[in-house]
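Per this note's numbering, the very first residue in the sequence shown carries number 6; after that it's consecutive. All residues carry an ideal CB built from backbone N, CA and C; glycine is no exception. Being a predicted model, the structure only gives us computed values, none of them experimental. Report on one structure; see the data block that follows.
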Amino acid sequence: MIRIAAVGDIHLAPEAQGTLRPAFETLPDCADVLLLAGDLTRHGTLEEARVVAREIEGLGVPVVAVLGNHDHHDDRPQEVTAVLEDAGAQVLEGRSTVVSCDGARVGIAGTKGFGGGFVGRCAGEFGEPLMKDFVRCTRRCADGLRTSLEELDEQGCDVRIALTHYSPVPDTLAGEPLEIYPFLGSYLLAEAIDTAGADLAVHGHAHAGTENGMTGGGVRVRNVAQPVIGRAFHVYHVHARRPATAGVSGQGASTGSPSAGSPSAEGR
6 MIRIAAVGDI HLAPEAQGTL RPAFETLPDC ADVLLLAGDL TRHGTLEEAR
56 VVAREIEGLG VPVVAVLGNH DHHDDRPQEV TAVLEDAGAQ VLEGRSTVVS
106 CDGARVGIAG TKGFGGGFVG RCAGEFGEPL MKDFVRCTRR CADGLRTSLE
156 ELDEQGCDVR IALTHYSPVP DTLAGEPLEI YPFLGSYLLA EAIDTAGADL
206 AVHGHAHAGT ENGMTGGGVR VRNVAQPVIG RAFHVYHVHA RRPATAGVSG
256 QGASTGSPSA GSPSAEGR
């Protein structure tokens with residue numbers, strides 16, 4: 006059983022230094038890897054990125070992240086990425102990584118993703134160049150996610166996880182105003198996940214959304230934005246088997262029930 010800790014939208018700034026570190030230091034006792042689903046900073050400044058770096062450095066478990074829209078706000082995503090990678094995190098955008106968890110090969114494909122909406126109420130590549138660029142940006146992200154997941158399958162990973170900031174499904178947006186759904190995610194991400202296959206999809210971005218959802222192809226989706234999960238991280242348990250048969254415990258991701266004798270296993 007692979008234990009996947011995940012959180013997004015922690016929005017750290019200098020005054021928040023040290024707030025997550027005590028909980029993160031419990032990760033070796035309850036998780037095999039930490040996934041960060043974007044919006045790690047408030048405004049994407051290097052000062053804020055260094056705060057995040059100090060929270061995640063030397064945790065004793067692999068840390069894999071994608072950036073969010075807030076992390077792009079200061080127009081320095083490459084430099085923010087470098088700061089996080091210097092602290093030991095792997096920051097993905099249109100690529101994947103494989104980590105060893107309890108002897109299993111866990112593949113993680115990541116992209117920030119982008120908006121556009123969902124089937125029946127979505128933007129299309131038509132009209133003004135800006136509108137076409139908007140949708141093409143999402144399509145490029147989705148194509149990168151699909152390719153990365155397919156590469157992980159070719160590498161024989163026991164588990165494959167799709168890590169994004171924007172949502173691939175409307176299910177996990179329930180609670181947000183319908184008017185802003187097109188800015189919270191895109192069905193193109195779900196199409197990529199279903200085409201390539203995955204055992205779990207994790208995203209953030211929708212602070213007023215809902216934790217549990219599913220793609221049309223049956224892949225479990227979890228919104229791990231911190232305002233949604235209400236703790237420093239949530240742990241999901243995934244069976245380590247071949248990609249075609251792997252599954253998430255119970256109805257998909259676990260409810261976060263602590264392991265026996267471990268009060269920190271659920272996350273804080």
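Buried or exposed (CB count within 10 angstroms, at least 16 for buried), residue i
i	result
H48	exposed
E133	exposed
D76	buried
Q160	exposed
S259	Only weak support is given to the placement of S259: the predicted model assigns it a pLDDT of 31, under 50, and the value that follows is read from those uncertain coordinates. S259 comes out buried.
Q231	buried
G209	buried
I9	buried
V124	exposed
G223	exposed
L135	exposed
I15	buried
Between the CA atoms of residue j and residue i - distance to the nearest angstrom
i	j	result
D204	E130	30 Å
G93	V56	14 Å
G149	T116	7 Å
L25	G118	25 Å
L64	P27	10 Å
P182	S172	15 Å
L168	A237	17 Å
G43	T143	16 Å
D138	D158	30 Å
E155	G112	10 Å
A58	V207	21 Å
L39	V140	30 Å
I61	T86	13 Å
G13	L45	7 Å
P67	L32	10 Å
V104	D37	9 Å
Residues of its chain near residue i, where Cβ-Cβ distance is below 6 Å and the 5 sequence neighbours each way are ignored
i	result
T215	T177, A179, G180
A245	I7, A109, D163, V164
Q95	V69, T102
A18	R47, E53
T250	Its pLDDT being 40, under 50, T250 is placed unreliably in this model, and the value from its coordinates should be taken loosely. Cβ within range, chain order: n/a, list empty.
Residue i: first and last residue of the uninterrupted alpha helix (DSSP H) it sits in
i	result
G149	134–159
T200	192–201
V207	That residue, V207, is in no alpha helix (DSSP H); its beta strand (DSSP E) goes 205–208.
DSSP three-state assignment for residue i, whether helix, strand or coil
i	result
F131	coil
E98	coil
A21	helix
A251	Because the pLDDT at A251 is just 48, under 50, the model does not fix this residue reliably, and the value given afterwards should be weighed accordingly. The answer is coil: DSSP assigns A251 none of H, G, I, E or B.
H77	helix
L64	coil
E184	helix
I234	helix
N- and C-terminal bounds of the beta strand (DSSP E) containing residue i
i	result
I166	164–169
R55	Per DSSP, R55 belongs to no beta strand (DSSP E); it is in the alpha helix (DSSP H), 51–61.
A87	A87 -> not in any beta strand (DSSP E); alpha helix (DSSP H) instead, spanning 82–91.
R26	No beta strand (DSSP E) holds R26; the alpha helix (DSSP H) holding it covers 26–29.
I113	109–116
V124	Counting along the chain, V124 falls outside any beta strand (DSSP E), and DSSP gives it neither H nor E.
Cβ-based neighbour list, residue i, same chain, cut-off 8 Å, excluding 5 preceding and 5 following
i	result
C127	G121, P187, S191, Y192
R100	A114, G115, G149, S153
R81	G49, T50, L51
Same chain only: Cβ atoms within 7 Å of residue i, ignoring 5 sequence neighbours per side
i	result
R151	A197, T200, A201
G221	A195, D199
Any non-hydrogen atom of the ligand SAM closer than 8 Å to residue i Cβ
i	result
P27	This structure lacks the ligand SAM; in fact it carries no ligand of any kind.
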